[in-house]
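> Per numbering that gives the first Met the number 0: the sequence shown = residues 0 to 340.
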Amino acid sequence: MYKAIVFILMLLTDLAYSQDVVTSSNGSNYLIKQQLNETDVKKLESLEDLEKEAMDLISVVDKSYEEVSKLKEEIDSQKDKKSREKLLKKSVKIEKKAVRKHVEALKTISEVYVNKYDFYKKDLSKFFNLDSNERTIEAKVLEKKAHNCFEIADLNVQKVYYTVNPNELFTIFTDAYKQEQLGLLYQEKIYALFLNWDISTDESIDKRIEAIISNKPDEQNQTIGSNNIKDSINLTTVVVYDTIKVEQIIDNIVYKVQIAASTTPLNIDKLKKIYPENDQIQYELDNGWYKYSVGYYSYYAEAQNFKTRIGVPGAFIVAYKNGKRVPLSELTNHYTYSKSN
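#1: Classify LEU86: buried if its beta carbon has 16 or more other beta carbons within 10 angstroms, exposed otherwise.
#2: Excluding five sequence neighbours on each side, which residues of the same chain lie with their C-beta closer than 6 Å to the C-beta of VAL113?
#3: Measuring only the C-alpha atoms, how far is THR173 from ILE74?
#4: Using DSSP's beta-bridge definition, name the partner residues of VAL60.
#5: Using CA coordinates, which residue listed in TYR254, LYS255, VAL253, LYS290 is at the minimum distance from ASN266?
#6: When the distance is taken between beta carbons, is SER45 closer than 8 Å to ALA97?
#7: When burial is assigned at 16 or more other CB atoms within 10 Å of the CB, is ARG83 buried or exposed?
#8: Put LEU284 into one of helix, strand or coil per three-state DSSP.
#9: Which residues in the same chain have their Cβ closer than 6 Å to the Cβ of SER261, if we skip the five residues on either side of it in sequence?
#10: Please look up how many angstroms separate the CB atoms of GLN186 and TYR116, rounded, as I've assumed it's under 8 Å.
#11: Would you tell me roughly how many angstroms separate the C-alpha atoms of ASP153 and GLN77, rounded to the nearest one?
#12: Where LEU129 and LYS255 are concerned, what is the direct C-alpha to C-alpha distance, given to the nearest angstrom?
#13: State whether the segment 151-171 contacts the segment 91-106, with contact taken as three or more CB pairs (one from each stretch) at a distance under 8 Å.
#14: What did DSSP end up calling TYR291 once you bin it into helix, strand or coil?
#15: Can you check which of these residues, ALA191, HIS146, LEU123, is closest to GLN180 by C-alpha distance?
#16: Who are the Cβ neighbours of VAL156 in its own chain at under 8 Å, not counting the five residues just before and after it?
#17: Please identify the residue among GLU301, GLN279, ASN286, TYR29 whose C-alpha is closest to the C-alpha of TYR161.
#18: Can you find the residues in the same chain that come closer than 7 Å, C-beta to C-beta, to GLU66, ignoring five residues on each side of it along the sequence?
#19: The alpha helix (DSSP H) with VAL113 in it runs from where to where?
#20: Since I believe ILE31 is in contact with TYR190 (beta carbons under 8 Å), could you give me their beta-carbon distance rounded to a whole number of angstroms?
#21: Based on the DSSP output, what are the partners of LYS255 in its beta bridges?
#22: What's the gap between the Cα of TYR298 and the Cα of LEU192?
#23: Around the C-beta of ARG308, are 16 or more other C-beta atoms found within 10 angstroms, so that it is buried, or is it exposed?
#24: For SER261, does the three-state DSSP call read helix, strand or coil?
#25: With 16 other CB atoms within 10 Å as the buried threshold, where does GLU142 fall?
#26: What are the boundary residues of the beta strand (DSSP E) that includes LYS345?
#27: Is it true that the CB of PHE118 sits closer than 8 Å to the CB of LYS188?
#28: Quick check: what's the CA-CA separation for ILE208 versus ASN286?
#29: Just tell me which of GLN257, LEU284, LYS269 has its CA closest to the CA of THR263.
#30: Spell out the partners DSSP gives LYS323 in its beta bridges.
#31: Roughly how many angstroms separate the alpha carbons of LEU105 and LYS120, rounded to a whole number?
#32: Report back the beta-carbon spacing between ALA53 and THR135 to the nearest angstrom; my notes put them in contact at under 8 Å.
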């Protein structure tokens, strides 16, 4: 008989929600194309072709997730130790490959949406020069919202320079996707204002915006990946048999240095002048506060040294466990919370 089987479960709740973010309706795209010239229509359609290719890749990945889910059921029902080990290794290999492909697809979609944003922004500029009234003022507010969404997405994507773990990359790009999709919807709202789209179309955009913000997908909207992902990628099972360890997953703890906080967005370029290090500034919106931080360290001592080196008055170390901000006091017994190397 083999010893007790240990299951280590890694819950990725945010990723479950990220699978339900919605895409723009074909109706809105059609209405936008109606007022474009032939050259611009081709440019927009080329971006849509790239998006479709990425979505097709995700459909292929979904089949891999389904296979992993079936293998998991076989592992649970298999009594023979060697058979379980063989099935587990196979499932881990398939899932790793699937996640990498999923990240590749999400990265492509992110690049497409950045280009779409720039394209829409350039096209919308012609409307802002027509007049200056309440409609224009409302449009400028929406434009600012769209800009903020893409700025947040860009800051998220910058984290890839510090990240090699496929699951972390998956989280980063799905978070960016959500923000970028929201930004494009705000731009659609601007088109609806200037082109006098009917009320039902405008309400449909509002509904999709609310769906993204609340993480509750509208039943009429498309999803980026099927619900089968929730049965596999969101619940990674790692099994340890006796001394045979297939894979080890430990708490993902990261330390950063918070350099500023404000109830309104701050100018990133000005913040870069606060400290001498050539690092990326990241920020998050937490309970109405925009919190800006730098650095990305696995050990507290590294973050402490970095904080001392940059010399920013009032700066302090913050910790994230599995992507969520946690008090340092909760990590005092963790091996990474140590001032010694």
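Note that the Cβ used here is the ideal one computed from N, Cα and C, for glycine as well.
Result, derived from the coordinates:
#1: buried
#2: none
#3: 29 Å
#4: In DSSP, VAL60 forms no bridge with anything.
#5: LYS290
#6: no
#7: buried
#8: strand
#9: TYR289
#10: 7 Å
#11: 45 Å
#12: 46 Å
#13: yes
#14: strand
#15: HIS146
#16: SER109, ILE171, PHE172, ALA175
#17: GLN279
#18: ILE93
#19: 80-127
#20: 6 Å
#21: VAL317
#22: 50 Å
#23: exposed
#24: strand
#25: buried
#26: Lying before the first or after the last residue shown, residue 345 is absent from the chain, which here runs from 0 to 340.
#27: no
#28: 20 Å
#29: LEU284
#30: LYS320
#31: 22 Å
#32: Incorrect: roughly 35 Å between the Cβ atoms, too far for contact.
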